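Heads up: the sequence shown begins at 1184 in the working numbering, then just goes up one per residue. What follows is a set of notes on a single structure, which appears directly below.
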Amino acid sequence: MKTILSTKKLSEAQQQLVLNSGLGLVHMDFIDTAPLNFEYDDTVSNAIFTSKNGVLAVLKEGIQINNAFCVGFRTKELLEKKGITVSLAEKNGATLGKSITNRYKKTSFVYFCAEDRLDILPNILNEEGINFKEILVYRTVSTPKKVYSEFDGVLFFSPSGVNSFFKLNELNSHAFCIGNTTASALKKHTTNYTVAKTPSIENVLVTAINYFKAL
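Right, here's the structure in full:
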């Protein structure tokens, strides 16, 4: 039986998707998050989020969000579940930045992000003269683990997850990743990887399943 390692813990439904395909599965978290102390007293007219973690950190503080711009379907889903209007949801920070600069040139934003956030989105906004305030609301914590078993595939969902995995491990099998940003981190260690066509956890799983079915 082919077995894959997910560098992120999966939900019951996600686990079943893999197991029902005939693949074996091991899943564990290689990163965690920790909240940062921050203050923001006003209602936010237009908030930018690039992860669910940012949304959860802000909502925990009781901050009122009127409108949001985000990266990822899951982030959009969470925002709408909390009753927040989502004007834009894009697959990655670069696409979101370009969409904002094309359509919301005169709008002001508050960007709630991680301490170790990538420069791609803020660089695009700065280059186009978009007015935004950046507030750090959480940080990513690496939780590396030594993997002693051999796996036929390894699944990655963020650059931080990639970096944490390679602190204690090497990769001798095929890798699967959620998007181009994660792929950029991964290609420093291997060229043997496949990027999911749509950036979601389920699509990474399906990409791996289809890869091994075709062998």
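Yeah, the Cβ is synthetic: ideal placement off N, Cα and C, and Gly gets one too. Note that the structure is a prediction, hence the values are computed from the model and not measured.
Helix, strand or coil: how does DSSP classify residue i here?
i: THR1268; result: strand
i: THR1373; result: coil
i: ASN1250; result: strand
i: ALA1398; result: Before going on, a small fix: residue 1398 reads as Leu here, not Ala. It is coil, neither helix nor strand.
i: GLU1273; result: strand
i: LYS1243; result: helix
i: PHE1256; result: helix
i: GLU1311; result: coil
i: VAL1337; result: strand
i: LYS1316; result: strand
i: PRO1218; result: strand
i: GLY1207; result: strand
i: ILE1187; result: strand
Quick check on residue i: buried or exposed, where buried means 16 or more other Cβ atoms within 10 Å of its Cβ?
i: LYS1264; result: exposed
i: ALA1358; result: buried
i: PRO1218; result: exposed
i: GLY1276; result: buried
i: LEU1304; result: buried
i: PRO1234; result: With the sequence shown as reference, residue 1234 is identified as Ser, and Pro is not the correct amino acid for it. The residue is buried, with at least 16 neighbouring Cβ atoms inside 10 Å.
i: LEU1308; result: buried
i: THR1365; result: buried
Using only CA atoms, which one of the options lies nearest to residue i?
i: ASN1386; options: GLY1205, MET1211, PHE1213, VAL1201; result: VAL1201
i: SER1343; options: ILE1384, LEU1369, LEU1193, ALA1272; result: LEU1369
i: ARG1286; options: ARG1300, TYR1294, LEU1271; result: LEU1271
i: ASN1363; options: ASN1249, GLN1197, SER1341, ASN1352; result: SER1341
i: PRO1382; options: LYS1243, THR1258, PHE1221; result: THR1258
i: LEU1351; options: TYR1376, THR1365, HIS1372; result: HIS1372
Give the straight-line distance between the Cα atoms of residue i and residue j, rounded to the nearest whole angstrom.
i: ILE1246; j: THR1226; result: 7 angstroms
i: LEU1338; j: LEU1279; result: 24 angstroms
i: ASP1302; j: SER1291; result: 19 angstroms
i: GLU1311; j: GLY1266; result: 30 angstroms
i: ASN1242; j: MET1184; result: Residue identity differs from the one stated: residue 1242 is Leu in this sequence, not Asn. Taking the straight line from one Cα to the other gives about 43 angstroms.
i: LYS1396; j: LEU1206; result: 9 angstroms
i: SER1347; j: GLY1336; result: 17 angstroms
i: GLU1273; j: PHE1232; result: 11 angstroms
i: MET1211; j: LEU1262; result: 26 angstroms
i: LYS1288; j: SER1356; result: 45 angstroms
i: ILE1361; j: ILE1384; result: 7 angstroms
i: SER1204; j: ASN1236; result: 30 angstroms
i: THR1326; j: ALA1379; result: 24 angstroms
i: VAL1269; j: GLN1199; result: 30 angstroms
i: TYR1294; j: ALA1230; result: 6 angstroms
Quiz item: Per the contact definition of three or more C-beta pairs closer than 8 angstroms, is the segment 1186-1201 in contact with the segment 1377-1397?
Solution: yes
Quiz item: Okay, do the segment 1250-1262 and the segment 1323-1330 touch, 3+ Cβ pairs below 8 angstroms being the bar?
Solution: no
Quiz prompt | the segment 1314-1325 touching the segment 1203-1223, judged by at least three CB pairs closer than 8 angstroms | solution = yes
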